[in-house]
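Novice:
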Amino acid sequence: MSDDNPTIFGKILRGEIPCRKVYEDDEVLAFHDIHPVADVHFLIIPKRLIPSLAEVQPGDAPILGKMLALAPLLAREQGLTDGFRTAINTGRLGRQDVYHLHIHIFGNKPGGDPLKVMHGN
Ligand code: 5GP
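The opening position of the sequence shown corresponds to residue 969 in the working numbering, with each subsequent residue numbered one higher.
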């Protein structure tokens, strides 16, 4: 499923490098970001390689829907009970670093500070 995936997330999927797992099933893996920008910051990825949101095909709709539907469930499990942010960085100008589609889910624990507003640089 991830044999020909050259990205760092391919290595994670193949177990070549470790991750702190949040959730896994046969289609999806979620794990904590190695450089968190908030109290909690994890990524949801499809096991099948989709390089970018810009390269999504109509047939990818079910897996995208599944990933998005998992986001609030996993966020709650990780303690984000008072809100969180999602982001899908796409392409060079969208500051995508890893070309394996991923949803960022990040937020502070209840009682913490709201996230800073997004800015342009
Ligand atoms: P992008 O900029 O592509 O949207 O985000 C890629 C994310 O992957 C970054 O937030 C980065 O910290 C995270 N990341 C990069 N390499 C690794 C890794 O080896 N392990 C984990 N857990 N996260 C990683």
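Here a beta-carbon is modelled for each residue, glycine too, at the ideal position from N, C-alpha and C.
Could you check the C-alpha separation between Asp-1007 and Arg-988 for me, to the nearest Å?
Specialist: Position 39 of the sequence shown holds residue 1007. Position 20 of the sequence shown holds residue 988. Looking at the two C-alpha atoms, the distance is approximately 15 Å.
Novice: Going by CA-CA distance only, name the one from Gly-1079, Phe-977, Arg-1044 that's closest to Ile-1073.
Specialist: Taking the first residue of the sequence shown as position 1, residue 1073 is located at position 105. Of the listed residues, the one whose Cα sits closest to Ile-1073 is Arg-1044.
Novice: Below 8 Å between beta carbons: does that hold for Leu-997 and Leu-981?
Specialist: Stepping through the sequence shown from its first residue, residue 997 is reached at position 29. Stepping through the sequence shown from its first residue, residue 981 is reached at position 13. Yes.
Novice: First and last residue of the beta strand (DSSP E) that includes Gly-1075?
Specialist: For the purposes of this step, residue 1075 is taken as residue 107 along the sequence shown, with counting starting at 1. Residues 1071-1075.
Novice: Suppose you measure from the CA of Met-969 to the CA of Lys-1015; what does that come to, to the nearest Å?
Specialist: Your numbering for residue 969 matches position 1 in the sequence shown. Your numbering for residue 1015 matches position 47 in the sequence shown. Low confidence applies here, because Met-969 scores a pLDDT of 49, under 50, leaving its location unreliable; read the following figure in that light. Spanning the two alpha carbons is a distance of roughly 7 Å.
Novice: Are the beta-carbon atoms of Val-990 and Phe-999 separated by less than 8 Å?
Specialist: Your numbering for residue 990 matches position 22 in the sequence shown. Your numbering for residue 999 matches position 31 in the sequence shown. Yes.
Novice: Cβ atoms of Leu-1017 and Asp-1001: under 8 Å apart, would you say?
Specialist: Along the sequence shown, read from residue 1 onward, the residue named residue 1001 stands at position 33. Along the sequence shown, read from residue 1 onward, the residue named residue 1017 stands at position 49. Cβ atoms of Asp-1001 and Leu-1017: not closer than 8 Å.
Novice: Which whole runs of the alpha helix (DSSP H) in the segment 1016-1075 are 4 residues long or more, in chain order?
Specialist: 1029-1045, all fully within the segment 1016-1075.
Novice: May I ask you to check if the CB of Phe-999 is nearer than 7 Å to at least one heavy atom of ligand 1?
Specialist: Here the question's residue 999 lines up with position 31 in the sequence shown. Checking every heavy atom of ligand 1 against the Cβ of Phe-999, one is found closer than 7 Å.
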